[in-house]
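The sequence shown begins at 1 in the UniProt record's numbering and counts up by one.
By construction, the Cβ of each residue, glycine as well, lies at the ideal position given by its N, Cα and C atoms.
It should be emphasised that the depicted structure is a prediction, and the values quoted were computed from it without experimental measurement.
One structure is given below, encoded as structure tokens.
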Amino acid sequence: MVKARMLLFPCLLFLLLVTSGCMYSEEKIKQNQLATGEFITVVQNAVDEFHKRRGVLPIKTKEEDTPLYEKYLIDFKKLKDYNVLSTIPGNAFENGGTALYVLVDVETSPKVKMMDLPSYQRMVDLQKEIDAYKAKNQGALPKGQPLAEGFSYIDYTKLKKKELSLQSPYSRTSLSAIMDDTGKVGIDYGPEIAKAMSRKGLTSADPGKDLRSLLVEEGYFVPARSFPYTWKNGEPTVTRE
1 MVKARMLLFP
11 CLLFLLLVTS
21 GCMYSEEKIK
31 QNQLATGEFI
41 TVVQNAVDEF
51 HKRRGVLPIK
61 TKEEDTPLYE
71 KYLIDFKKLK
81 DYNVLSTIPG
91 NAFENGGTAL
101 YVLVDVETSP
111 KVKMMDLPSY
121 QRMVDLQKEI
131 DAYKAKNQGA
141 LPKGQPLAEG
151 FSYIDYTKLK
161 KKELSLQSPY
171 SRTSLSAIMD
181 DTGKVGIDYG
191 PEIAKAMSRK
201 GLTSADPGKD
211 LRSLLVEEGY
221 FVPARSFPYT
231 WKNGEPTVTR
241 E
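Quick look at the structure:
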């Protein structure tokens, strides 16, 4: 039942997004992209003020096993009701946009980030297709080329569909969908992590560190719908939760 609710939630979000007039003009999309940093600052200030006054964070309740970067959704209603935020950002889902605002580092220093809804929804849809394939093929998975121990790319010919290409929220490059050996899908952020390490001049990392944190530190977005990455065999390597 919990799994069903978790799958239904993002689907309803995406349906509402489409029906609420989110098909922006190119001009408005450009304006929102340019204003992203300003949006983040405004919401961060509102969250900080709310936290200072109330002693709690303005977040929505989620299931305990919700993935880390999808767990702490900002509740704009709480911010507005408490008069610490006058206007919801134009790129926010709640205002017809394509981003969900979330918090990271909630136990130490809560920071505002965003989650890209279109890529998230495409992964939800792909998961449904993988699950259906698995059910019809006695548990077999549409495995493609191996990626790391317990992980592979997806053979789209077995799914009878075109290969899925996801635009990275961190750059203009395309990212691939991957799958673990249970059929759970995720976005391969390995290439983006490698670039982040290169920019920082890092040639190695603590083997126990989840390297996705580098993307969170650098950018406005969280690497939602993904697996942890650790340093192994001289490169960022996808690993199990």
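Assigned exposure category for residue i - 16 Cβ within 10 Å defines buried
| i | result |
| --- | --- |
| Leu85 | buried |
| Gln138 | exposed |
| Glu26 | Bear in mind that the predicted position of Glu26 carries a pLDDT of just 48, short of 50, making it too unreliable to give a figure here. |
| Gly208 | exposed |
| Glu64 | exposed |
| Val124 | buried |
| residue 253 | Limits of the chain in this structure are 1 at one end and 241 at the other, which puts residue 253 out of reach. |
| Leu214 | buried |
| Thr173 | exposed |
| Leu202 | exposed |
| Arg212 | buried |
Residue i (DSSP reduced to helix, strand or coil)
| i | result |
| --- | --- |
| Tyr120 | helix |
| Pro191 | helix |
| Gln127 | helix |
| Lys232 | strand |
| Asn32 | Note that Asn32 has pLDDT 48, beneath the 50 cutoff, so the model's placement of it is unreliable and the number below is only indicative. Three-state DSSP puts Asn32 in a helix. |
| Thr237 | strand |
| Ala135 | helix |
| Met23 | Here Met23 scores only 43 on pLDDT, less than 50, and its place in the model is too uncertain to base an answer on. |
| Leu166 | strand |
Nearest-angstrom beta carbon gap, residue j and residue i [assumed within contact, 8 Å]
| i | j | result |
| --- | --- | --- |
| Asp75 | Lys62 | Not confirmed; about 11 Å, so no contact. |
| Thr237 | Ala92 | Going by Cβ atoms, the distance from Thr237 to Ala92 rounds to 34 Å, so no, they are not a contact pair. |
| Lys134 | Gly183 | 5 Å |
| Ile187 | Leu166 | 6 Å |
| Val216 | Lys113 | 6 Å |
| Phe50 | Leu79 | 6 Å |
| Asp131 | Gly144 | Incorrect: roughly 17 Å between the Cβ atoms, too far for contact. |
| Thr98 | Leu117 | 5 Å |
Identity of the residues DSSP links to residue i by a beta bridge
| i | result |
| --- | --- |
| Ala177 | Ile187 |
| Lys143 | Ile154 |
| Ala148 | Phe151 |
Fill in: Start-end ranges of the beta strand (DSSP E) lying completely within the segment 41 to 127, minimum 3 residues
Within the segment 41 to 127, the complete beta strand (DSSP E) segments of 3 residues or longer fall at 99 to 104 and 111 to 116, listed in chain order.
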